[in-house]
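Participant: Chains as they are written, first to last, in the numbering used here: chain V, 1 to 221; chain R, 222 to 442.
Backbone N, C-alpha and C define an ideal beta-carbon position, used for all residues, glycine too.
If you scroll down you'll find the structure; I have some questions about it.
Right under this line is the structure:
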């Protein structure tokens with residue numbers, strides 16, 4: 001059975017990416033990162049999602065060299081109620097090089113496992129803000145995989161799949177719904193509270209996505 | 222004063238790269254990784270090298286997702302006495318995606334610090350074996366820095382300098398000697414012993430380099 005490494009965050013996008021990978025016939029090995037994020041709650045959710053999909057998961061603890069993001073430094077404010085003009089600005093939740101770091105570990109894991117693919121749940125709506133969610137970035141990283149790894153130079157390049165890249169949140173939710181993604185287990189809120197705050201970008205996009213998809217968000221029940 | 226992040230390993234190449242960066246007028250912030258390597262001794266050496274250069278150093282502890290290298294798994298044999306025909310084979314000391322991971326953290330650190338450059342001591346002799354030491358890899362990673370980071374998309378791309386790329390060991394030693402690199406503090410041996418084993422690739426290339434450069438290796442005194 002062909003193997004894939006799937007980057008999980010505990011959110012609904014990466015959970016959907018996992019179900020897409022399973023659906024394509026991959027045996028999936030999930031990775032989630034404990035990087036000092038405020039919303040550490042997402043790690044437990046990632047574990048539940050992996051387990052519901054019958055997959056292994058590894059939690060990698062990493063220390064980022066510097067705290068320069070509101071996602072890891074509680075002194076920096078998280079933006080509330082995103083206005084259309086803010087959408088083109090990189091928000092304070094941007095963590096320098098985060099996806100680059102995550103994909104590097106995924107590449108290392110995939111090479112060690114002999115996996116042929118990596119799945120990441122990045123998508124169109126993210127890349128209005130985060131540089132490391134844009135198609136150009138994934139093309140550049142794909143080249144790194146081709147020329148910077150043993151498997152790459154031996155013509156067994158590990159492929160990076162970004163199955164949600166061109167979808168908006170509502171389309172992702174519809175796809176996940178069809179694939180049986182357990183949305184009730186997922187966590188999107190950037191804040192570390194007991195319940196989603198309902199006001200950060202991530203809560204905002206989630207709520208709007210469910211509304212537009214005409215699906216009930218079972219996590220709020 | 223312009224800032225740079227310098228990847229240190231405790232070996233003589235990265236120490237020389239640090240002195241090149243200092244010589245170019247950068248205020249240097251060093252990074253060294255504790256990734257479960259057998260030769261953890263190199264971490265202490267990296268600290269000494271940074272301190273002798275008057276620079277800060279951060280030790281980042283990371284857990285690699287899988288042990289598939291003789292550098293981290295003592296059950297895998299480290300090659301001894303490298304023969305010319307072995308030189309084109311990727312050795313068992315290859316750690317999947319190691320430089321990709323290290324550069325990703327360096328990029329994150331540089332972005333957080335507002336540094337404009339990263340220095341890495343990779344060089345020509347390494348890339349006979351390690352894919353992530355080849356010019357194509359660095360070109361690909363440079364593109365990642367350009368399109369995958371906030372500084373990149375805002376036209377303040379963090380530059381990756383590989384000052385030793387086209388040098389052999391003897392040339393590096395001559396350069397380091399001129400710049401006052403404290404070679405006696407550096408550590409190259411892949412094994413974890415109290416003294417260099419004298420037989421692994423790394424010891425072999427170091428000894429040959431000093432001999433060819435006509436410099437005495439003060440670390441062996």
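1. Quick one: is residue 194 of chain V buried, meaning 16 or more other Cβ sit within 10 Å of its Cβ, or exposed?
2. Any beta carbon from chain R within less than 8 Å of residue 196 of chain V's own beta carbon?
3. Which whole-angstrom value is the C-beta distance of residue 181 of chain V and residue 12 of chain V, which I expect to be below 8 Å?
4. Closest Cβ-Cβ distance between residue 93 of chain V and chain R: below 8 Å?
5. I'd like to know if the stretch 136-154 of chain V and the stretch 341-357 of chain R are in contact, where contact means that at least 3 CB-CB pairs between them fall below 8 Å.
6. DSSP on residue 321 of chain R, reduced to helix/strand/coil?
7. Which whole-angstrom value is the C-beta distance of residue 123 of chain V and residue 160 of chain V, which I expect to be below 8 Å?
8. Residue ranges of each alpha helix (DSSP H) run of no fewer than 4 residues wholly in the stretch 24-65 of chain V, ordered along the chain?
9. With DSSP collapsed to three states, give me the class of residue 393 of chain R.
10. So that I know if they touch, is there some Cβ in chain R lying closer than 8 Å to that of residue 147 of chain V?
11. Among V/183, V/210 and V/198, whose alpha-carbon lies nearest the alpha-carbon of residue 46 of chain V?
12. Are the beta-carbon atoms of residue 63 of chain V and residue 281 of chain R separated by less than 8 Å?
13. Cβ of residue 357 of chain R less than 8 Å from any chain V Cβ?
14. Taking the alpha-carbon of residue 93 of chain V as reference, which of V/221, V/190, V/204 and V/196 has the nearest alpha-carbon?
15. Whole beta strand (DSSP E) runs in the stretch 369-437 of chain R with 3 or more residues, listed along the chain?
16. Please state whether the Cβ-Cβ distance between residue 29 of chain V and residue 109 of chain V is less than 8 Å.
17. If you measure from the beta carbon of residue 326 of chain R to each beta carbon in chain V, is any gap under 8 Å?
18. Let me make sure I understand the geometry here. Which of V/169, V/41 and V/185 has the alpha-carbon closest to that of residue 204 of chain V?
19. What residue from V/206, V/176 and V/118 has the CA that sits closest to residue 4 of chain V's CA?
20. What residues from chain V crowd round residue 364 of chain R, counting only those whose CB sits closer than 7 Å?
21. Is it the case that the Cβ atoms of residue 238 of chain V and residue 7 of chain V are separated by a distance below 8 Å?
22. Starting from residue 311 of chain R, trace the beta strand (DSSP E) both ways and give me its first and last residue.
23. Given a threshold of 16 other Cβ atoms within 10 Å of its Cβ, counted over all protein chains shown, does residue 435 of chain R qualify as buried or as exposed?
24. Find the residues of chain V that neighbour residue 252 of chain R, judging by a C-beta separation of less than 9 Å, and give them in chain order.
25. Return helix, strand or coil for residue 241 of chain R, following the three-state DSSP convention.
26. Could you have a look at residue 225 of chain R and say whether DSSP puts it in helix, strand or coil?
27. Which residues share a DSSP beta bridge with residue 118 of chain V?
28. State the Cα-Cα distance for the pair residue 442 of chain R and residue 406 of chain R, rounded to the nearest angstrom.
29. Select from R/432, R/325, R/332 and R/408 the residue whose C-alpha is nearest the C-alpha of residue 341 of chain R.
30. Alpha carbons only, please: which of R/312, R/248, R/395 and R/256 is nearest the one belonging to residue 337 of chain R?
Facilitator: According to the structure data:
1. exposed
2. With 8 Å as the cut-off, residue 196 of chain V does not count as an interface residue toward chain R.
3. Contact holds; Cβ gap of about 7 Å.
4. no
5. yes
6. Of the three classes helix, strand and coil, the one that applies to residue 321 of chain R here is helix, per DSSP.
7. Contact doesn't hold; Cβ gap of about 14 Å is too wide.
8. 41-52
9. helix
10. yes
11. Of V/183, V/210 and V/198, the residue nearest in Cα terms is V/183.
12. yes
13. Yes, its Cβ sits closer than 8 Å to a Cβ of chain V.
14. V/190
15. 380-382
16. yes
17. yes
18. V/169
19. V/118
20. 140 and 143
21. Since the first residue of chain V shown is 1 and the last is 221, residue 238 of chain V is not available in this structure.
22. The continuous stretches of beta strand (DSSP E) do not include residue 311 of chain R, and DSSP gives it neither H nor E.
23. By the 10 Å Cβ count, residue 435 of chain R comes out exposed.
24. 65
25. DSSP, reduced to helix, strand and coil, places residue 241 of chain R within a helical segment of the structure shown.
26. strand
27. V/5 and V/160
28. Roughly 11 Å separates the two Cα atoms.
29. R/325
30. R/248
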